[in-house]
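These notes concern the structure reproduced below.
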Amino acid sequence: MTQAQTVRVAALQGDEAVAEAVRQCDVDVVAAYPITPQTIIVEKLAEYVADGRFRGEFVPVESEHSAMSACIGAAATGARVFTATSSQGLALMHEMLYNAAGMRFPIVMAVANRALSAPLVLNADHGDMMGSRDCGWIQFYAENVEEIYDRTIQLFKLSEDPRVMLPSTINFEGFILSHDKERVRLLEDESIRRFLGRPNPKHKIDPDGPLTFGAIATPDTYYEFRMQQLEAMKNALHVFDEVEMEFESFSGRRYGAVDAYNTDGADVVMVINGSAGGTMRATARALNAAGEKVGVLAIKLYRPFPVEQLVSHLAQAKAIVVMDRSLSPGAPTGPMSEDVKSALQLAGLAKPIMSVVYGIGGRDLSTEDGKNIFGMAKEGSAFGASTVMYGVKA
Amino acid sequence: MFEPIKGLKELPTEEPLSPGHRLCPGCGASIVVRQVLLAAPKDTIIAEATGCLEVSTALYPYSAWNRPWIHSAFENAAAVASGIESGFKALARRGEAKEHPIIVFGGDGGTYDIGIQALSGAIERGHRFLYVCYDNEAYMNTGIQRSGGTPLGAWTTTTQVGSARAGKQETKKDLVSIVVAHRVPYAATASISHWRDLMTKVRKALSKDGPTFLHVIAPCTRGWRFDSEKTIRMARLAVETRLFPLYEVENGVYKITFPVASPKPVEDYLKLQGRFGHLFQPQNAAELEAVKKGVSENYTRLEKLSQLTSQMYTQQVA
Amino acid sequence: MSWKELAEAGVVKGGTAASYVVSGWRVKRPVINEAKCTNCLICWIYCPEPAIVRHEGGKVTIDYDHCKGCGICETECPPKAITMVREP
Chain D
6 MTQAQTVRVA ALQGDEAVAE AVRQCDVDVV AAYPITPQTI IVEKLAEYVA
56 DGRFRGEFVP VESEHSAMSA CIGAAATGAR VFTATSSQGL ALMHEMLYNA
106 AGMRFPIVMA VANRALSAPL VLNADHGDMM GSRDCGWIQF YAENVEEIYD
156 RTIQLFKLSE DPRVMLPSTI NFEGFILSHD KERVRLLEDE SIRRFLGRPN
206 PKHKIDPDGP LTFGAIATPD TYYEFRMQQL EAMKNALHVF DEVEMEFESF
256 SGRRYGAVDA YNTDGADVVM VINGSAGGTM RATARALNAA GEKVGVLAIK
306 LYRPFPVEQL VSHLAQAKAI VVMDRSLSPG APTGPMSEDV KSALQLAGLA
356 KPIMSVVYGI GGRDLSTEDG KNIFGMAKEG SAFGASTVMY GVKA
Chain A
119 MFEPIKGLKE LPTEEPLSPG HRLCPGCGAS IVVRQVLLAA PKDTIIAEAT
169 GCLEVSTALY PYSAWNRPWI HSAFENAAAV ASGIESGFKA LARRGEAKEH
219 PIIVFGGDGG TYDIGIQALS GAIERGHRFL YVCYDNEAYM NTGIQRSGGT
269 PLGAWTTTTQ VGSARAGKQE TKKDLVSIVV AHRVPYAATA SISHWRDLMT
319 KVRKALSKDG PTFLHVIAPC TRGWRFDSEK TIRMARLAVE TRLFPLYEVE
369 NGVYKITFPV ASPKPVEDYL KLQGRFGHLF QPQNAAELEA VKKGVSENYT
419 RLEKLSQLTS QMYTQQVA
Chain P
16 MSWKELAEAG VVKGGTAASY VVSGWRVKRP VINEAKCTNC LICWIYCPEP
66 AIVRHEGGKV TIDYDHCKGC GICETECPPK AITMVREP
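Chains as they are written, first to last, in the numbering used here: chain D, 6 to 399; chain A, 119 to 436; chain P, 16 to 103.
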């Protein structure tokens, strides 16, 4: 492993780390609308613009729908494009998310996850991104601020790869990660520049060779266009490995599509995404020190869903707990729980699965909660029963 | 400054819009596009909203556009244009690309109503583009439903004519006034019948360093209910009856570019279109009067604005 | 056509519509009386397709592959050199 080329260590909020990464990635156009808890991203970028440190175009659009629309227009010129949003903003641009993916523009977006209204709340859960999970974007979840910084950089490389050409998001919980300061080992501007190069899309707006973007399809062709997208999404799985390998070569850091802690030989494996992955790992370490056999599988890459890796880490588990930080009203369990169950079923594995929903609307999850959930898993009655709505005031 | 329109023979022979598109015979919208693009530079980039024009000219694998062209959604053409403009600005700063003129095409649907926010935002931010609203006065593509641009009294499929109600009860939104309120360098109305006026305005608009706007009347043979050969005649009558005055607003100064000293009766225009047929029934006489009153009041308003603003703004415009 | 053969993201070269023939839309076709035609180009600037072709050093002709027979040219022609004739 190469020595990490760190320029300096900084204490950054998640939002600040995103802004710094965007500045370093030679982004050409940022079109964004402020929404709590993403606002620090746009404010920081505006500071960089005023200082002359961000030399791209910062477009203060009048809504998130226009943000994604402007991103699409900018991406068509062959420029490197970025935006950020949360919650209502993500919901407002929902239509355009599908559009961006369908038009195969490699836009990168940071989502500071926040629960969706109504009722209105400012705090985190994954409901916003889960509500748009079928939009065709590549979706990552981060567990800490340094991971947010690293992923933002990686996403440009992944999205812009000709085998992919899909837009991508890095998701991180609002306030918990967007606002809390954590240690980030910043990388050199030049290393990042060399890693990313400049965008070179196959198609872009060029008066010398006029192209038509966004022609309508018919039932004869629509399905096939969507297949192209699905294939690109499939490619993203292995292109991602290449991206991480190259990223590691100059940063010394690698995360994987999943992070497996003590999953081999575990009695119970807790499957989770987002910042609470760290909480559950701390919980598991304490439990294991006391003689339990607990594993934690943190899902970092959510779309495309890393089925093979998931299955390989869960194959030996005696029981599985899947923890969702969002709701799917009327569905048997939470969204990620559905994905895990499908993946295992496809692999022919039958496991006792306990589905838990936690952290809705910013409700905190502590290591004490983690112990309680493990306790429920050990007790066993919640397996196969309906989803556990953990933490709700009964 | 800009190159004046000398004559038809000086216009390019290379067609910006290729034939073989699926617009109706006699469609006013394609005439708008042809005249606008023939007046514009060859490297013009087009952003377009969903609508009649878009679906008929870009149906995979056929495209009628001999210019770079992008469509994404219905309400966002101006936002997409903002992105294109910003993208090229950023790339040009790096020396990786050159900037090009940008023209946005949106129907009355995609401009007056669902697209008004994106238009307002893009203008307020000062992006350099020319927005051309081709106004066929209803959501024609989805089947002739009313829009904010549908005139008072018109039949549409959502302002039907019956015993309780006869046609649209609301007046046509004054789109140019909304745009002018943003203090754009240039906004104007145009008609495909008066091609020289239209093309001059296109060149004038493109010469401005900022957002500009052209509101063009695009008669629709299907939705307005008239035979296809009358499209230009309809556009001409709209001007000659003062119903659709041809004017421009340059840095706040109003000027009627085609003054109509002796207007033809508004009825001459209305009676040729099936969508206004009910206005000639005795029970709808009041509605017909309201339409005529609106026309004369609007023209008087523009005359007064011309007088007022030519005195208010003494600065010579470039 | 397989999804592998379709243009990626449906991006197409501009102007491909020219290969699409719409002559079947017509009920009537315009016929230009060359003697009366002054080549003023009014029909050309008002044609929605365009199905009127300009020729260097010659008068305009009709592109019958792309004419939909709307009749605007007949209506607007100043010397009345165009006549709409029913298709057989």
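Every residue, glycine too, gets a C-beta built ideally from N, C-alpha and C.
Keep in mind the model is a prediction, meaning the values are calculated, not measured.
- The region 352-359 of chain D and the region 383-397 of chain D touch, with no fewer than 3 CB-CB distances between them shorter than 8 Å.
- In this structure GLY267 of chain A touches ASP226 of chain A by the C-beta definition: roughly 3 Å separates them, less than 8 Å.
- Taking 8 Å as the cut-off, the Cβ atoms of CYS88 of chain P and CYS58 of chain P count as close.
- SER173 of chain D carries a strand assignment under DSSP once its states are collapsed to helix, strand and coil.
- Look at ASN259 of chain A here: in three-state DSSP terms it is coil, with no helix or strand label.
- Measuring C-alpha to C-alpha distances from THR307 of chain A to each of A:PHE362, A:ILE123, A:ALA158 and A:PHE398 identifies A:PHE362 as the nearest.
- In the three-state reduction of the DSSP assignment, TYR103 of chain D falls in the helix class.
- Contact between the region 338-350 of chain A and the region 77-97 of chain P is present: three or more C-beta pairs spanning the two stretches fall below 8 Å.
- Counting along the chain, MET98 of chain D sits inside no beta strand (DSSP E), nor does DSSP assign it H or E at all.
- Legend: CB atoms of the region 224-235 of chain A lying less than 9 Å from CB atoms of chain D belong to residues GLN235.
- PRO65 of chain P and PRO340 of chain D have their alpha carbons spaced roughly 53 Å apart.
- THR98 of chain P has a beta carbon lying at 8 Å or more from every beta carbon in chain A.
- The beta carbon of VAL75 of chain P sits closer than 8 Å to those of ILE47, CYS52, ASN54, LEU56, CYS58, TRP59, ILE67, VAL68 and ARG69, all from its chain and outside the five residues before and after it, given in chain order.
- For TRP342 of chain A and SER122 of chain D, the gap between their C-alpha atoms comes out near 43 Å.
- Within its own chain, the residues whose Cβ lies closer than 6 Å to the Cβ of ASP272 of chain D, once the five positions on either side in sequence are excluded, are LYS298 and LYS323, listed in chain order.
- With a contact defined as Cβ atoms closer than 8 Å, LEU302 of chain D and ALA241 of chain D miss out at about 20 Å.
- In this structure, ALA117 of chain D sits near GLY179 of chain D, with a CB-CB distance shorter than 8 Å.
- Between the region 244-260 of chain D and the region 148-165 of chain D, the count of Cβ pairs shorter than 8 Å is three or higher; the stretches touch.
- The straight-line gap separating the alpha-carbon atoms of ASP20 of chain D and LEU354 of chain D is approximately 40 Å.
- Around LYS322 of chain A, the same chain offers PHE120 as residues with beta carbons nearer than 6 Å, after the five sequence neighbours per side are excluded.
- Where HIS70 of chain D is concerned, there is no enclosing beta strand (DSSP E), although the alpha helix (DSSP H) around it starts and stops at 69-81.
- Assignment of ASN402 of chain A by DSSP, reduced to helix, strand and coil, places it in the helix class.
- Excluding five sequence positions before and after MET285 of chain D, the CB atoms of its chain that fall closer than 6 Å to its own CB belong to MET275, ILE277, VAL301 and GLY375, given in chain order.
- Taking 8 Å as the CB threshold, TYR387 of chain A stays off the interface with chain P.
- The residues ALA352 and LEU354, in chain order, have a CB closer than 8 Å to that of ALA320 of chain D in the same chain once the five nearest residues on each side in sequence are set aside.
- Taking a Cβ-Cβ threshold of 7 Å, the residues of chain A close to TYR35 of chain P are GLY138 and TYR180, in chain order.
- Interface flag for LYS28 of chain P against chain D is set, since a Cβ pair is found closer than 8 Å.
- 8 Å or more divides the Cβ of GLY380 of chain D from the Cβ of GLN234 of chain D.
- For ILE47 of chain P, the closest Cβ of chain A is not nearer than 8 Å.
- The CB of GLU133 of chain A comes closer than 8 Å to the CB of PRO65 in chain P, given here in chain order.
- For ARG69 of chain P, the chain A residues whose C-beta falls within less than 8 Å of its own C-beta are THR131, listed in chain order.
- GLY367 of chain D places its beta carbon less than 8 Å from that of ALA120 of chain D.
- Contacts between ALA120 of chain D and chain P, judged by CB atoms closer than 9 Å, are missing: the closest CB pair is about 33 Å apart.
- Under the three-state reduction of DSSP, GLN287 of chain A is assigned to coil, being neither helix nor strand.
- Of all alpha-carbon atoms in A:THR289, A:PRO122, A:LEU141 and A:PRO159, the one lying nearest the alpha-carbon of PRO130 of chain A is that of A:PRO159.
- In the structure shown, the three-state DSSP call for TYR79 of chain P is coil.
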